[in-house]
Structures are given as structure tokens and as C-alpha cells.
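Visitor: Could you have a look at this structure, given as C-alpha cells, before my questions?
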Amino acid sequence: MRPEDYRTQPDDRFKLTDEARRAVRAMAQSGDRAGWVSPLRYNLSVSHGHRFVWFRVAKVASRTIRHHFTTHDVTLDVDHAMRVRYPTDLFADYFRFAFVRDPLARFVSAWQDKVVNANYYRFDDADHARMQRIEEFASWVAGQDLAAVPGTDQHLALQSRLIDLNHVDFVGRLETFATDFAEVCERIGAPAGPAEARNQTGSGGASGRQVSDELRGLVATMYRRDYQIFGY
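Numbered per the UniProt record's numbering, the sequence shown finishes at 232, counting up by one with no gaps.
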């Protein structure tokens with residue numbers, strides 16, 4: 001398999017081509033050699049022309065980054081692949097990056113977008129009304145295994161689980177997006193990026209009303225691994 005054979009379908013940017021899926025499956029089954037295929041699944045975007053792998057973390061500037069790439073002729077051969085394994089050795093010389101965000105701000109953003117502004121999780125009317133209190137939503141999320149991908153919704157999953165930490169070259173932060181994304185663009189040979197990410201929740205992602213001690217405690221427990229790994 002060549003790196004260029006790993007791509008998504010022309011008419012479905014979420015799914016790998018049949019040929020790519022078969023090749024990855026064959027590599028995974030081919031023997032004991034370590035490092036051929038990632039043991040875990042990730043949400044990926046890949047450009048063969050600019051030679052990068054982007055581990056997408058939901059609610060962390062994904063729309064901004066993708067919009068910048070698509071408007072500046074950065075072809076995404078793997079556009080928006082969801083929960084896929086990938087051949088790690090083939091991309092050893094690609095620039096592999098991701099972006100992360102303060103877990104509390106990310107959680108509040110997910111709640112605002114997916115619960116307050118919509119009913120993404122398809123709660124019944126009574127539960128949806130109850131989930132308008134963010135602490136209730138956090139208690140519901142706390143009952144899930146946030147390291148399970150697939151399994152947990154991507155907007156709630158641990159950021160540290162959405163990134164192949166053994167094969168990542170650069171982890172930028174939303175809080176320093178302008179500087180960090182400028183470095184990504186320089187590394188991949190793309191035009192400089194926007195000064196800030198779009199669709200951010202203001203004031204660090206959480207208003208005073210939303211951030212109670214109860215919420216802080218729940219988020220700190222649920223996302224302890226993210227806090228430890230990324231130093232928030």
C-alpha cells in the first residue's frame with residue numbers, strides 16, 4: 001500500500017474508499033510486525049500533497065481549520081474520515097498534528113451547541129428540559145466511558161483519546177490558536193491561517209452562571225486524563 005492509496009470516497013468524505021479499507025484490513029491481519037496499523041480508531045484528515053495527518057478533535061476549531069484548507073487549495077485526500085484505523089508506518093514522514101482546548105470550555109461549548117441549541121442526543125421532552133441545567137447534563141455524561149471511541153460521541157470523548165499520542169508531532173491549543181496554527185501552516189507549506197478560531201464560546205468558553213463548583217468538579221473528574229496530559 002502507498003500513502004496515496006489511503007483516501008476517502010469522492011462522494012462520501014466520511015468514509016475511506018473500499019480499496020483503502022481492504023488494504024488497511026490486510027495490513028492489520030498480515031503478521032506480528034508492530035506499527036503497521038494503529039490499534040485504535042481516530043477521526044482523521046490527511047493531505048498527501050502537503051504531507052500531513054490531522055487528528056480532528058471535535059469542538060476545537062475543526063471548522064475553522066478545514067475552511068482554511070479548502071479555501072487555500074490544500075487538498076484533503078482523506079477529508080473527514082470517522083473512527084478509522086490508519087497505517088502508522090506509511091505516514092512516519094508526514095507532519096502529524098492536533099488541536100486541544102481547556103476541557104471545561106470544550107464541555108460548555110458542546111452543551112450549548114448540542115443541548116441548548118438543539119437536541120442532538122435525542123432526549124425525550126422531560127429529559128431535554130432537565131438537561132438545560134448543565135450540571136444535569138454533566139451528570140449524564142459522567143455515566144459514559146469517555147475513552148471509548150467508537151462508543152462515546154466525538155464531542156464528549158476525551159481529547160487525549162482522539163489523538164494518537166504516540167505518533168503526533170505537534171499539539172496546538174485553541175487558547176493560542178493564531179500562533180499555533182501559523183506554525184502548522186508554515187510546516188505544511190500552506191498560507192498563513194486566520195487570527196482566531198470561529199464559533200468559539202466567549203469568555204474562555206464558560207460564563208459565570210454556567211461554571212458552578214459542581215460543574216467544575218464533575219468536569220475535573222471526567223476529564224482528569226486530559227488535564228494531566230495537556231497541562232490545563
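Idealized CB from N, CA, C, for every residue including glycine. Quick caveat: nothing in here was measured; it's all calculated off a predicted structure.
One question on the structure: do Val60 and Val53 come within less than 8 angstroms of each other, judged by their Cβ atoms?
Guide: Their beta carbons are not under 8 angstroms apart, which means Val60 does not touch Val53 by this criterion.
Visitor: Quick one: is Phe14 buried, meaning 16 or more other Cβ sit within 10 Å of its Cβ, or exposed?
Guide: Classification for Phe14: exposed.
Visitor: Just the Cα atoms here: how many angstroms apart are Arg96 and His128?
Guide: Taking the straight line from one Cα to the other gives about 38 angstroms.
Visitor: Does Gly193 pass the burial test, meaning 16 or more other C-beta atoms within 10 Å, or should it be called exposed?
Guide: Its Cβ being crowded by 16 or more others within 10 Å, Gly193 is buried.
Visitor: If you draw a straight line from the C-alpha of Glu214 to the C-alpha of Glu135, how long is it?
Guide: Answer to the nearest angstrom: the Cα atoms are 7 angstroms apart.
Visitor: Report the option in His72, Gln112, Leu76 whose CA atom is closest to the CA atom of Tyr6.
Guide: When only C-alpha atoms are compared, the closest one is Leu76.
Visitor: Pop quiz: Pro191 and His72 are said to be a contact at Cβ under 8 angstroms. What is the actual Cβ separation, rounded to whole angstroms?
Guide: Yes, Pro191 and His72 are in contact; Cβ-Cβ is about 5 angstroms, under 8 angstroms.
Visitor: By the DSSP assignment, the beta strand (DSSP E) with Trp54 in it spans what residues?
Guide: Taken as a continuous stretch (DSSP letters only), the beta strand (DSSP E) holding Trp54 covers 52-55.
Visitor: Just how far apart, CA to CA, sit Met1 and Ala23?
Guide: Distance between the alpha carbons of Met1 and Ala23: 7 angstroms.
Visitor: If you reduce the DSSP assignment to three classes, tell me which class Thr70 lands in.
Guide: Thr70: helix per DSSP, three-state reduction.
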